[in-house]
Amino acid sequence: MRSHLDLRDLGGEVLAGIAVRPARTVLTVLGTVLGIGALVTTLGVATTAGNQIAGRFDAVTATEVTVDIPEPITPGSPPVVAWGSLDDLIRLNGVEAAAAYVTTVAGQEPNVRANAVRDPERVLDRVLPVVGATADLPAAVRASVAGGRFFDAGHIERRDRVAVLGAQAAEQLGLTRVDNQPAVFIDDKPFTVVGILGPVGQPDQQALAGSVIVPWTAGADAVKLGPARTVVVATALGAASLIAQQAPVALSPNDPAAVRVNAPPDPAVRTGVADDISGLLLILGLVSLVVGGLGIANVTLVTVMERTAEIGLRRALGARRRHIAAQFLLESAVIGLLGGIIGASGGVIAVVLVSVGRDWTPVLSLWPVLAAPAAGAFVGLVAGLYPALRSARMQPVEALRGPG
Amino acid sequence: MSDIIALTGVGRTFPSDPPVPALAHVDLLVRAGDYLSVVGPSGSGKSTLLNILGLLDLPDTGTYELEGVETTRLGDSGRTAIRGARIGFVFQSFHLLPHRDVTENVMLGDLYTGGARSTRRDRAVAALERVGMGHRTGFRPTHLSGGERQRVAIARALLGEPALLLCDEPTGNLDSTNTAAILELFDDLRRGGTTLVVITHDDAVSRRAERQVRIADGRLSER
Chain H
1 MRSHLDLRDL
11 GGEVLAGIAV
21 RPARTVLTVL
31 GTVLGIGALV
41 TTLGVATTAG
51 NQIAGRFDAV
61 TATEVTVDIP
71 EPITPGSPPV
81 VAWGSLDDLI
91 RLNGVEAAAA
101 YVTTVAGQEP
111 NVRANAVRDP
121 ERVLDRVLPV
131 VGATADLPAA
141 VRASVAGGRF
151 FDAGHIERRD
161 RVAVLGAQAA
171 EQLGLTRVDN
181 QPAVFIDDKP
191 FTVVGILGPV
201 GQPDQQALAG
211 SVIVPWTAGA
221 DAVKLGPART
231 VVVATALGAA
241 SLIAQQAPVA
251 LSPNDPAAVR
261 VNAPPDPAVR
271 TGVADDISGL
281 LLILGLVSLV
291 VGGLGIANVT
301 LVTVMERTAE
311 IGLRRALGAR
321 RRHIAAQFLL
331 ESAVIGLLGG
341 IIGASGGVIA
351 VVLVSVGRDW
361 TPVLSLWPVL
371 AAPAAGAFVG
381 LVAGLYPALR
391 SARMQPVEAL
401 RGPG
Chain D
405 MSDIIALTGV
415 GRTFPSDPPV
425 PALAHVDLLV
435 RAGDYLSVVG
445 PSGSGKSTLL
455 NILGLLDLPD
465 TGTYELEGVE
475 TTRLGDSGRT
485 AIRGARIGFV
495 FQSFHLLPHR
505 DVTENVMLGD
515 LYTGGARSTR
525 RDRAVAALER
535 VGMGHRTGFR
545 PTHLSGGERQ
555 RVAIARALLG
565 EPALLLCDEP
575 TGNLDSTNTA
585 AILELFDDLR
595 RGGTTLVVIT
605 HDDAVSRRAE
615 RQVRIADGRL
625 SER
């Protein structure tokens with residue numbers, strides 16, 4: 001013969017035990033609510049703020065890698081980075097677009113003259129930098145083509161005298177449209193304008209807006225532009241630091257150290273800042289959780305003492321020690337679970353309110369919200385261990401004489 | 405009739421300086437259907453005898469067979485199982501849970517002994533009707549008189565259909581009217597075949613039983 005207790009009956013007894021003193025239950029739950037709430041809020045606000053910071057970084061710089069290439073030491077020696085080595089760079093995983101270019105030396109810019117075919121009277125002379133570039137330049141610097149088109153690999157191969165004007169350069173030359181095939185004369189050599197560049201996205205490539213961009217082959221022919229001096233890479237989000245490591249080898253396999261790479265700051269450094277901010281709050285949340293657990297332990301112990309006679313009665317009715325222990329253990333676990341659920345809900349609301357107040361997008365990973373009730377139940381379970389042990393140890397004879 | 409209780413040479417001494425013998429060489433035989441009273445002044449060993457009979461305490465010497473099972477060699481869980489299933493307790497202070505209604509209190513009666521869950525409420529109501537409390541099922545114990553509370557406690561004890569109803573000063577907290585009503589109920593139960601052991605200090609209560617045992621200084625003497 002053995003005593004046993006149906007789990008549903010145990011659940012009923014546990015809930016009835018908790019419902020007996022609603023005010024006390026509310027006060028007992030409060031500690032866990034504050035602890036779990038603080039933890040969820042801290043984690044939520046940290047991820048939200050971190051996402052805010054990271055978002056700003058990413059949009060501006062995290063997808064751009066630029067490589068500066070030095071001039072060859074002697075005019076006759078082979079270039080540090082050959083134009084063709086760009087193909088090796090493009091093959092790297094994470095590269096969305098890459099382009100190389102060379103600009104005329106500052107102070108030695110050629111004369112650029114625009115001659116609109118329909119109005120030969122109107123001639124404008126300017127001194128403008130000329131850029132010899134590869135065909136992917138717009139994609140690499142995140143620029144659009146406002147009018148016409150950009151030159152392509154065919155133009156480069158055929159050494160075609162075509163030109164694309166930066167937006168400011170076009171304005172200075174008085175050109176607003178390209179459908180009438182205007183020409184510009186660079187050092188009196190005619191180039192057909194095939195397109196006008198729109199705004200340039202990469203912040204440190206704004207100089208292109210004031211330049212005349214030509215195929216690097218035609219640039220070498222017409223104004224003696226040398227080998228590529230700058231490589232611009234647009235990367236996928238998060239790939240910039242990796243590409244920054246690999247680009248020198250791809251571009252200059254013989255001497256990777258010869259080129260200088262400008263890469264965005266390491267993402268780990270940025271999240272490190274966010275972690276520092278939330279670390280203290282996290283400790284605060286853990287402390288309040290421990291305090292909440294102690295509160296549950298305390299109240300459960302008081303409850304056990306108050307219900308000594310009930311424990312005696314249950315033992316007389318056939319309850320085994322483990323049945324008594326399970327009842328009190330579960331009561332404190334349920335109180336912890338309640339605290340976890342309420343705390344997690346409060347935490348989510350707090351994160352949303354903070355985000356609304358700061359005009360942020362609330363970002364909350366799922367796991368703290370799902371783990372919070374479990375954490376609360378665990379705290380309650382641990383808190384109930386000692387009181388449950390005390391209740392199970394009571395001798396029925398003494399317990400029946402006790403209070404309650 | 406078969407023996408429900410067979411105590412043989414039971415002794416119980418509480419450790420103190422000097423040791424206090426509460427029971428010494430107690431022999432007692434209770435048959436099924438008996439209505440036995442144990443009467444004695446306080447300090448006579450009544451409570452010790454009740455605790456041993458109820459498997460709440462173990463004797464130091466002797467044996468205790470309950471329905472033919474030698475219980476002194478059983479472990480705590482074995483005694484707990486027999487206690488829950490075969491013994492119904494009626495206490496002086498009723499031991500009802502104040503926050504549960506009358507029916508829920510009675511339903512506790514076979515919570516731990518495997519009584520069918522689906523019929524438990526119906527059986528509790530039936531037990532309440534048996535003790536004349538069918539009209540109070542939804543009441544809280546605090547809204548009942550002492551006599552009514554003791555009836556509820558008796559209904560709880562009867563729910564698991566125990567072999568033995570063990571009553572510890574069942575009228576100790578009741579006035580004479582309620583006492584008379586509870587004694588009437590005991591007579592009814594006796595006629596229905598329930599085995600009753602009533603422990604009391606009140607001679608008037610004791611005289612209602614068919615068998616009366618007097619206890620003094622830890623020794624029994626049957627009248």
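The listed protein sequences correspond, in order, to chains H and D. Using our numbering, the first residue of the first sequence is number 1, and each one after it goes up by one. Using our numbering, the first residue of the second sequence is number 405, and each one after it goes up by one. Note that CB positions come from ideal geometry on N, CA and C, so glycine has one too.
What first and last residue would you give for the beta strand (DSSP E) that runs through residue i?
| i | result |
| --- | --- |
| L197 of chain H | K189 to V200 |
| L629 of chain D | Because chain D is modelled from 405 through 627, residue 629 of chain D falls outside the range shown and cannot be assessed. |
| N509 of chain D | N509 of chain D -> not in any beta strand (DSSP E); alpha helix (DSSP H) instead, spanning V506 to M511. |
| L165 of chain H | V162 to L165 |
| R260 of chain H | R260 to N262 |
Hey, quick one: how far does the alpha helix (DSSP H) through residue i stretch, first residue to last?
| i | result |
| --- | --- |
| Y355 of chain D | Because chain D here runs from 405 to 627, residue 355 of chain D falls outside it and cannot be looked at. |
| G154 of chain H | A153 to R158 |
| L86 of chain H | L86 to I90 |
| R560 of chain D | G550 to L563 |
| F418 of chain D | Counting along the chain, F418 of chain D falls outside any alpha helix (DSSP H), though it belongs to the beta strand (DSSP E) covering D407 to F418. |
| N582 of chain D | S580 to R595 |
| E401 of chain D | Lying outside 405 to 627, the shown extent of chain D, residue 401 of chain D is not represented and no answer is given. |
| D464 of chain D | Segment: none, D464 of chain D is in no alpha helix (DSSP H) and carries neither H nor E. |
| A452 of chain D | This sequence places Thr at residue 452 of chain D; Ala is not what is there. It spans K450 to L457 - the alpha helix (DSSP H) in which T452 of chain D sits, taken as one unbroken run. |
| E331 of chain H | R321 to R358 |
| T546 of chain D | T546 of chain D -> no alpha helix (DSSP H), and no H or E assigned at all. |
| V397 of chain H | P396 to L400 |
| G447 of chain D | Counting along the chain, G447 of chain D falls outside any alpha helix (DSSP H), and DSSP gives it neither H nor E. |
| S252 of chain H | First-last for S252 of chain H: undefined, no H or E at that position. |
Among all the DSSP beta bridges, which residues are the ones paired with residue i?
| i | result |
| --- | --- |
| V184 of chain H | H:A114 and H:F191 |
| F493 of chain D | D:L570 |
| D204 of chain H | According to DSSP, which records beta bridges pairwise, D204 of chain H is partnered with nothing at all. |
| L624 of chain D | D:I619 |
| S441 of chain D | D:V602 and D:Q616 |
| H4 of chain H | D:T517 |
| G148 of chain H | H:G195 |
| E474 of chain D | D:E469 |
| P215 of chain H | H:A133 |
| T66 of chain H | H:V232 and H:N262 |
| Y101 of chain H | H:A133 and H:T230 |
Compare the Cα-Cα distances from residue i to each of the options and report the closest residue.
| i | options | result |
| --- | --- | --- |
| Y101 of chain H | H:L92, H:A228 and H:E306 | H:A228 |
| R260 of chain H | H:T25, H:V65, H:G11 and H:R2 | H:V65 |
| I156 of chain H | H:D136, H:Q172 and H:L27 | H:D136 |
| I181 of chain H | H:A377, H:G147, H:L280 and H:W83 | Strictly speaking, residue 181 of chain H in this sequence is Gln, with Ile absent from that position. Minimum Cα distance to Q181 of chain H is reached at H:G147. |
| S446 of chain D | D:H605, D:R483 and D:T476 | D:H605 |
| L562 of chain D | D:P545, D:L589, D:H547 and D:S549 | D:L589 |
| A207 of chain H | H:A143, H:R390 and H:E331 | H:A143 |
| G219 of chain H | H:D9, H:A316, H:P138 and H:F151 | H:F151 |
| T546 of chain D | D:M537, D:H539 and D:D505 | D:D505 |
| V81 of chain H | H:V352, H:G44 and H:L251 | H:L251 |
| I349 of chain H | H:S3, H:V45 and H:V29 | H:V45 |
| A584 of chain D | D:S610, D:G519, D:R416 and D:T467 | D:S610 |
| D160 of chain H | H:V193, H:P22 and H:E171 | H:V193 |
| A620 of chain D | D:R534, D:L427 and D:P566 | D:L427 |
| A316 of chain H | D:L460, D:S448, D:V535 and D:D431 | D:L460 |
Pair every Cβ in the region 192-199 of chain H with every Cβ in the region 163-173 of chain H, then say whether three or more of these pairs are closer than 8 angstroms.
-> yes
Okay, do the region 339-359 of chain H and the region 37-50 of chain H touch, 3+ Cβ pairs below 8 angstroms being the bar?
-> yes
Report the residues of the region 439-460 of chain D with a CB closer than 8 angstroms to any CB of chain H, ordered along the chain.
-> N455, G458 and L460
So does the region 354-361 of chain H actually touch the region 304-324 of chain H, counting three or more Cβ pairs closer than 8 angstroms?
-> no
Should the region 91-98 of chain H be called in touch with the region 174-189 of chain H, which here means at least 3 C-beta pairs below 8 angstroms?
-> no
Do the region 305-316 of chain H and the region 384-399 of chain H meet, that is, are 3 or more Cβ pairs less than 8 angstroms apart?
-> yes
Listed from N- to C-terminal order along the chain, which residues in the region 314-332 of chain H have their beta-carbon within a distance smaller than 8 angstroms of any beta-carbon of chain D?
-> R314, R315, A316, L317, G318, A319, R320, R321 and H323
Specify whether the region 210-222 of chain H and the region 125-132 of chain H touch according to this definition: at least 3 beta carbon pairs, one from each stretch, less than 8 angstroms apart.
-> A contact exists between the region 210-222 of chain H and the region 125-132 of chain H.
Could you please tell me which residues of the region 512-530 of chain D, in chain order, have their CB closer than 7 angstroms to any CB of chain H?
-> Of all residues in the region 512-530 of chain D, L512, G513, L515, Y516, T517, G518 and R521 have a Cβ within less than 7 angstroms of some Cβ in chain H.
Does the pairing of the region 282-299 of chain H with the region 435-445 of chain D give three or more beta-carbon distances under 8 angstroms?
-> They do not touch, by the three-pair rule.
Any 3 or more C-beta pairs closer than 8 angstroms across the region 522-535 of chain D and the region 482-502 of chain D = With the cut-off at 8 angstroms, the region 522-535 of chain D and the region 482-502 of chain D do not touch.
Three or more beta-carbon pairs under 8 angstroms between the region 574-594 of chain D and the region 548-559 of chain D, yes or no?
-> yes
Quick check: the region 467-483 of chain D against the region 383-394 of chain H, are there 3 or more CB pairs under 8 angstroms?
-> no
May I ask you to list, following chain order, the residues of the region 374-400 of chain H that have a beta carbon less than 9 angstroms from some beta carbon of chain D?
-> Q395, P396, V397 and L400
Do the region 351-358 of chain H and the region 332-343 of chain H touch if we need at least three Cβ pairs shorter than 8 angstroms?
-> Contact fails: fewer than three Cβ-Cβ distances are below 8 angstroms.
Which residues, in order along the region 542-563 of chain D, keep a beta-carbon less than 7 angstroms from a beta-carbon of chain B?
-> The chain inventory of the structure shown lacks chain B, comprising the protein chains H and D.
Note down, in chain order, all residues in the region 585-618 of chain D with a beta-carbon under 9 angstroms from any beta-carbon belonging to chain H.
-> Listed by position along the chain: nothing, the set is empty.
Decide yes or no for the touch test of the region 362-377 of chain H against the region 408-425 of chain D: beta carbon pairs closer than 8 angstroms, at least 3 of them.
-> These segments do not touch.
Contact the region 6-14 of chain H vs the region 494-501 of chain D: 3+ CB pairs below 8 angstroms = no
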